[in-house]
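Protein chains: 2
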Amino acid sequence: MRRRDKNDTDLELFELLVKLDKLAETTRIPALLCKLLEIYGLKSVAYLGCGLTAQPGQGPYLAVTYSDDWVDHYKAQRFVDVDPAVQIGMRRMLPIDWDTFDRRDKNVRRLFGEATEFGLGRRGISIPVHGQHGDRALVSITRDASDRDWRHLRLHYMRDFQVLALHLHQAILRLEGQRIVSISLSPRERECLLWAAEGKTAWETAVILGLSEHTVRCYLESARHKLGAANNTHAVNKAGKANLLSQLP
Amino acid sequence: MRRRDKNDTDLELFELLVKLDKLAETTRIPALLCKLLEIYGLKSVAYLGCGLTAQPGQGPYLAVTYSDDWVDHYKAQRFVDVDPAVQIGMRRMLPIDWDTFDRRDKNVRRLFGEATEFGLGRRGISIPVHGQHGDRALVSITRDASDRDWRHLRLHYMRDFQVLALHLHQAILRLEGQRIVSISLSPRERECLLWAAEGKTAWETAVILGLSEHTVRCYLESARHKLGAANNTHAVNKAGKANLLSQLP
DNA sequence: CGTAAATCCGGCCGATCCACCGGATTTCGG
DNA sequence: CCGAAATCCGGTGGATCGGCCGGATTTACG
Numbered sequence: 001m002r003r004r005d006k007n008d009t010d011l012e013l014f015e016l017l018v019k020l021d022k023l024a025e026t027t028r029i030p031a032l033l034c035k036l037l038e039i040y041g042l043k044s045v046a047y048l049g050c051g052l053t054a055q056p057g058q059g060p061y062l063a064v065t066y067s068d069d070w071v072d073h074y075k076a077q078r079f080v081d082v083d084p085a086v087q088i089g090m091r092r093m094l095p096i097d098w099d100t101f102d103r104r105d106k107n108v109r110r111l112f113g114e115a116t117e118f119g120l121g122r123r124g125i126s127i128p129v130h131g132q133h134g135d136r137a138l139v140s141i142t143r144d145a146s147d148r149d150w151r152h153l154r155l156h157y158m159r160d161f162q163v164l165a166l167h168l169h170q171a172i173l174r175l176e177g178q179r180i181v182s183i184s185l186s187p188r189e190r191e192c193l194l195w196a197a198e199g200k201t202a203w204e205t206a207v208i209l210g211l212s213e214h215t216v217r218c219y220l221e222s223a224r225h226k227l228g229a230a231n232n233t234h235a236v237n238k239a240g241k242a243n244l245l246s247q248l249p
Numbered sequence: 250m251r252r253r254d255k256n257d258t259d260l261e262l263f264e265l266l267v268k269l270d271k272l273a274e275t276t277r278i279p280a281l282l283c284k285l286l287e288i289y290g291l292k293s294v295a296y297l298g299c300g301l302t303a304q305p306g307q308g309p310y311l312a313v314t315y316s317d318d319w320v321d322h323y324k325a326q327r328f329v330d331v332d333p334a335v336q337i338g339m340r341r342m343l344p345i346d347w348d349t350f351d352r353r354d355k356n357v358r359r360l361f362g363e364a365t366e367f368g369l370g371r372r373g374i375s376i377p378v379h380g381q382h383g384d385r386a387l388v389s390i391t392r393d394a395s396d397r398d399w400r401h402l403r404l405h406y407m408r409d410f411q412v413l414a415l416h417l418h419q420a421i422l423r424l425e426g427q428r429i430v431s432i433s434l435s436p437r438e439r440e441c442l443l444w445a446a447e448g449k450t451a452w453e454t455a456v457i458l459g460l461s462e463h464t465v466r467c468y469l470e471s472a473r474h475k476l477g478a479a480n481n482t483h484a485v486n487k488a489g490k491a492n493l494l495s496q497l498p
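Here the protein sequences line up with chains A and B, keeping their order.
Quick note on numbering: the first sequence equals residues 1 to 249 in the numbering used here.
Quick note on numbering: the second sequence equals residues 250 to 498 in the numbering used here.
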């Protein structure tokens, strides 16, 4: 089934990871994805990234190996609302095998039917990626394979593409993502913000931390100022996405 | 160098992943970690999980193969504040090789010096894991190896332990993590919450969405109610962690 | 065909936030 | 030893929030 030796595949994988880590521009990504088709004998590879820029209005980032026709058709048909790979995959932590999808829904069957017409494989896996700042991605791969072959292939795919997906996301984030300005909050500022995030009022936080209400207000104020936030809600959201509210100091 | 054939290691890896996915109680985790020592020829494996329960006061979750003495000593010395594996690893997306740490700091050198005394390897890798709800983990492995061996080993480790770390975290989250009650917000509620998270006032959101200020207030109110939140800040935080504010649908 | 949920709108009032004014000591690195 | 940053404290006033009262139509599902 596989034309390549395992060691070859391993080497090519590691080589590709290094390339991804050094990648200088996103225009080279399609070529790298095509390389993956070759190495792993796939029919398609697709990357879908969300929340890369922290701006709410921003659209998703897409990089695929298949034709633009399919992308256009997919968009026109609003398949994203139906596609279980996106709907389920984006809400998971572990990869998911497309075989496990419930295909009783008429629209789902139509989606997969038309997908094969556009050159996608009958088997598929989607691998979710979770970034540090609420950014997420989904890497989906397809190929054709018998039941027997697939049982073995999927395990290797789930392993190798877990790493690949992560490095790919990291590369795209590095090139396309908005620079996260590194802001340092003082311990007290962080604490006050943390309790604000838990819905506590300034007075409640003051009791919890053994401070005066006014002092808590001051910390929240300076935290807002540091974060460039309009209010506490904004500050909590920004700090959370910037990973400033994690338990560890 | 490696006593096992690659295919053997692959099979044992996949077997272990299945075991992790089926794991019924956390007490079996140490045994599984020890199995990893054997399979991969390591000196130690450690799992550190944060934010598993969504309660802010909660301590981290720890599962390790090395002695309790080292854990106690580590805690007593407050090494967590110094340990670059935690300080840097927890703030990254990709795995990090301990060789790249800056060891000029006196405390850092002391940490690694004492670590080897307690039976940890001289080489190490830390693999960060990012969950969907702000939960994070760090899986760290150590072994002794020559420069030459290490260059090859680390690549395989980074690949295999990426998957292992993810499944391990998922298992622990499933068993120890707080049930995330699945709440569904209506599109309008989500939109209003999204803009609140961006620091907009109800009036501003009303202008953006073309609604009356009062209507926006109502949506925010019902969102707060659904989420069991004390105020908008709390609601945004909860919804964000529950992954209800993502761009899709 | 009724019921539930979602989509909208108005007003009231007390609680809370937020910006701005003022002050203080301690700690730590250049 | 000076300055910067972090830690604390007090008050005011207008803006905003948050809960609670009332109303409406449309849509979807059983």
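Yeah, the Cβ is synthetic: ideal placement off N, Cα and C, and Gly gets one too.
Predicted model, so just to flag it, every value in this text is computed and none were measured.
- Residues of the segment 140 to 157 of chain A with a Cβ closer than 8 Å to any Cβ of chain B, in chain order: LEU155 and HIS156.
- DSSP places VAL129/A outside any alpha helix (DSSP H); the residue lies instead in the beta strand (DSSP E), whose first and last residues are 123 to 130.
- Proximity to GLU114/A across ARG91/A, ASP83/A and HIS214/A peaks at ASP83/A, based on C-alpha coordinates.
- Nearest neighbour of PRO279/B by Cα position, chosen from ASP398/B, ALA312/B, LEU272/B and LEU404/B, turns out to be ALA312/B.
- Taking all protein chains shown into account, GLY459/B has fewer than 16 neighbouring C-beta atoms within 10 Å of its C-beta and is therefore exposed.
- Burial is judged here by how many other beta carbons sit within 10 angstroms of a residue's own beta carbon; GLN58/A has fewer than 16 and is exposed.
- Under the 10 Å beta carbon count, TRP203/A is surrounded by fewer than 16 other beta carbons and is classified as exposed.
- The beta carbon of GLU462/B sits no closer than 8 Å to any beta carbon of chain A.
- The straight-line gap separating the alpha-carbon atoms of GLN132/A and HIS418/B is approximately 16 Å.
- Selection ASP396/B, ARG353/B, PRO436/B and LEU360/B evaluated against VAL465/B yields PRO436/B as nearest (Cα-Cα).
- SER246/A is a Cβ neighbour of ARG385/B, given a cutoff of 8 Å.
- Shown here for LEU42/A: same chain residues with a beta carbon closer than 6 Å to its own, the five before and five after excluded, namely ILE141 and ARG143 in chain order.
- Inter-segment contact for the segment 401 to 410 of chain B and the segment 150 to 169 of chain A is present: three or more beta-carbon pairs are separated by less than 8 Å.
- By the rule that beta-carbons nearer than 8 Å mark a contact, ASN486/B touches chain A.
- Just so you know, the alpha carbons of PHE118/A and ALA491/B end up roughly 35 Å apart.
- Taking 8 Å as the CB threshold, HIS322/B stays off the interface with chain A.
- For the 8 Å CB-CB criterion, THR233/A and ALA445/B form a contact.
- The beta carbon of GLU189/A sits no closer than 8 Å to any beta carbon of chain B.
- Taking the Cα positions, MET90/A is about 42 Å away from HIS214/A.
- Residue-level contact by beta carbon fails for ASN356/B and chain A, as no gap is shorter than 8 Å.
- In the displayed model, VAL139/A falls within a strand according to three-state DSSP.
- Between ASP21/A and HIS130/A, the beta carbon gap of about 19 Å keeps them out of contact (Cβ cut-off 8 Å).
- Interface annotation, CYS467/B: not in contact with chain A, CB-CB separation never under 8 Å.
- LYS449/B counts as buried, since no fewer than 16 other beta carbons sit within 10 angstroms of its beta carbon.
- Under the Cβ distance rule, LYS6/A counts among the residues neighbouring chain B, one pair being separated by less than 8 Å.
- Within the segment 408 to 425 of chain B, ARG408, ASP409, GLN411, VAL412, LEU415, HIS416, HIS418, GLN419 and LEU422 place their CB atoms closer than 9 Å to a CB of chain A, listed in sequence order.
- Each of VAL294/B, GLY298/B, ASP354/B and ASP254/B was checked against the Cα of LEU424/B, and the nearest Cα belongs to GLY298/B.
- Chain A places a beta carbon closer than 8 Å to that of PHE263/B, counting this residue as a contact.
- In the structure shown, the three-state DSSP call for ASP351/B is coil.
- In the structure shown, ASP330/B falls within a helical segment according to DSSP collapsed to helix, strand and coil.
- DSSP places SER184/A in the coil class of the three-state scheme, outside both helix and strand.
- Residue state for ASP393/B is assigned as coil, using DSSP reduced to three classes.
- The beta carbon of ARG385/B falls within 8 Å of a beta carbon belonging to chain A, placing the residue at that interface.
- Distances from the alpha-carbon of LYS238/A to those of ARG190/A, ASP10/A and SER212/A put ARG190/A closest.
- Between ARG340/B and chain A, the shortest Cβ-Cβ separation is below 8 Å.
- Spatial neighbours of HIS225/A in its own chain (CB-CB distance under 7 Å, excluding positions within 5 residues in sequence) are not present.
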